[in-house]
Amino acid sequence: MRLRALPSRQDNYIWTLSDADGNAIVVDPGESAPVFAAAAEGLKPAAILLTHHHYDHIDGTAELLERWPKLPVHAPDDTRIPFPTRTVGEGDRLEPLGIPTSVMEVPGHTLSHIAFHLTLDGDQWLFCGDTLFSLGCGRLFEGTPDQMHRSLQRLAALPGATRVCCGHEYTLSNAAFARAVEPDNPALLRRIEEATTMRQSGHPSLPSTLDSERACNPFLRCDQPGVIDAVADRLGRPLRDAVETFAELRRWKDGFAA
């Protein structure tokens with residue numbers, strides 16, 4: 001299978017996963033033009049997966065359906081998605097292109113946010129929209145810190161080799177904050193060096209892997225002494241638990257300027 005990150009808008013990615021004949025799953029098409037361009041090079045959309053209702057993840061879908069009206073669109077149950085879809089939720093199983101796919105409800109960024117976990121012949125892909133980013137996580141526009149923390153922990157529990165295919169190229173901007181939290185984390189320093197090289201070469205810093213994220217993404221490390229101590233030192237008091245650590249870490253990131 002061929003995985004591609006099609007740049008879209010300012011920093012979005014539209015993900016495609018295609019077989020040898022070009023038949024492809026298209027994830028979060030916030031614009032149609034990048035998909036049409038890929039189609040001109042042989043891509044053949046076979047299914048669309050949507051993680052949440054935000055315009056930069058869905059706005060190209062209607063135009064794709066005009067060109068390919070029989071394309072199945074799998075999406076969360078949300079009236080803010082303004083075209084026909086096959087709604088899916090927690091525990092549902094799909095097989096786009098014959099690839100076993102599990103649906104996970106991961107509220108936090110939005111209340112109806114879902115993620116898709118695909119497994120084929122030992123390869124695994126996680127299309128997680130704006131819930132988990134490389135070295136970061138999404139803002140809490142609708143959910144609570146407890147919801148987001150639980151969602152992230154569920155994603156982090158997937159196999160370590162799973163490729164993390166998130167919705168935005170935020171790795172280096174997230175890296176500045178992650179380094180402020182854990183300045184001496186060697187895994188983080190290696191990831192920053194790797195991502196910097198990739199971006200300077202004109203390549204996406206993604207996908208990451210869950211092994212990497214567990215080692216250096218502070219939002220997956222709210223039970224680690226270094227993260228706990230950094231947040232507690234900033235607050236000037238002890239923290240009650242991992243959820244409070246996450247909540248204060250997210251609040252810190254919301255106001256962070258490198």
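Quick note on numbering: the UniProt record's numbering labels position 109 of the sequence shown as 109, and the sequence is numbered without any gaps.
Where is the CB? At the ideal position from N, CA and C, for every residue including glycine.
Output needed for R93: all residues of its chain with C-beta closer than 8 Å, excluding positions within five of it in sequence on either side, in chain order.
Sequence-distant Cβ neighbours of R93 in its own chain, meaning closer than 8 Å and more than five residues away, are P100, T101, S102, V103.
For the beta strand (DSSP E) holding I81, just list the boundary residues, first then last.
For I81, no beta strand (DSSP E) run applies, since DSSP gives it neither H nor E.
Contact between the segment 193-202 and the segment 146-157 (3+ Cβ pairs under 8 Å):
Output reads no: the segment 146-157 does not touch the segment 193-202.
With a cut-off of 8 Å on the beta carbons, I'd call G89 and E105 a contact; round off their distance for me.
Indeed they touch by this definition, with Cβ atoms about 6 Å apart.
Measure the C-alpha to C-alpha separation of T171 and T87 and round it to an integer number of angstroms.
Spanning the alpha carbons of T171 and T87 requires a straight line of approximately 31 Å.
Mark A176 as exposed unless 16 or more other C-beta atoms lie within 10 angstroms of its C-beta, in which case mark it buried.
A176 is exposed by the Cβ-count criterion.
Tell me the rounded alpha-carbon separation between S212 and T162.
Their backbone Cα atoms lie some 10 Å apart in a straight line.
Cα-Cα, which of G143, P218, L189 is closest to F133?
Nearest option by C-alpha distance: P218.
Can you list, in chain order, the residues of its chain with a C-beta nearer than 6 Å to that of R179? Leave out the 5 residues immediately preceding and following it.
Here the set comprises nothing.
Measure the C-alpha to C-alpha separation of K70 and A62 and round it to an integer number of angstroms.
Going by the C-alpha atoms only, they are around 12 Å apart.
Proximity below 8 Å, CB of T50 to CB of A24
One point to set straight first is that residue 50 is Leu, not Thr, in the sequence displayed. No, they are not a contact pair.
Going by C-alpha distance, which of N174, F141, R2, V27 is nearest A257?
Ranking N174, F141, R2, V27 by Cα distance to A257 puts N174 first.
If you draw a straight line from the alpha carbon of D78 to that of E248, how long is it in whole angstroms?
Rounded to whole angstroms, D78 to E248 spans 29 Å at the Cα level.
From the DSSP output, read off the bridge partner residues of Y13.
For Y13, the pairing in a beta bridge is given by DSSP as P7.
Pull up the DSSP beta-bridge partners for L239, would you.
Within the DSSP secondary-structure output, L239 pairs in no beta bridge.
Classify K98 as buried or exposed, calling it buried when 16 or more other Cβ atoms lie within 10 Å of its own Cβ.
First, the residue type needs correcting, since residue 98 is Gly and not Lys in the sequence shown. By the beta-carbon neighbour count (other beta carbons within 10 angstroms, threshold 16), G98 is exposed.
Runs of beta strand (DSSP E) lying entirely within the UniProt domain "Metallo-beta-lactamase" (11-168), each at least 3 residues, in chain order
Counting whole runs of 3 or more residues, the UniProt domain "Metallo-beta-lactamase" (11-168) contains the beta strand (DSSP E) stretches 12-18, 23-27, 44-49, 73-75, 101-105, 114-120, 123-129, 163-166.
Could you tell me which residues DSSP puts in a beta bridge with S208?
DSSP output for S208 lists V164 as bridge partner(s).
State the start and end residues of the unbroken alpha helix (DSSP H) segment that holds Q200.
Q200 -> alpha helix (DSSP H) spans 186-200.
I need the straight-line Cα distance from S208 to L17, nearest angstrom please.
About 16 Å.
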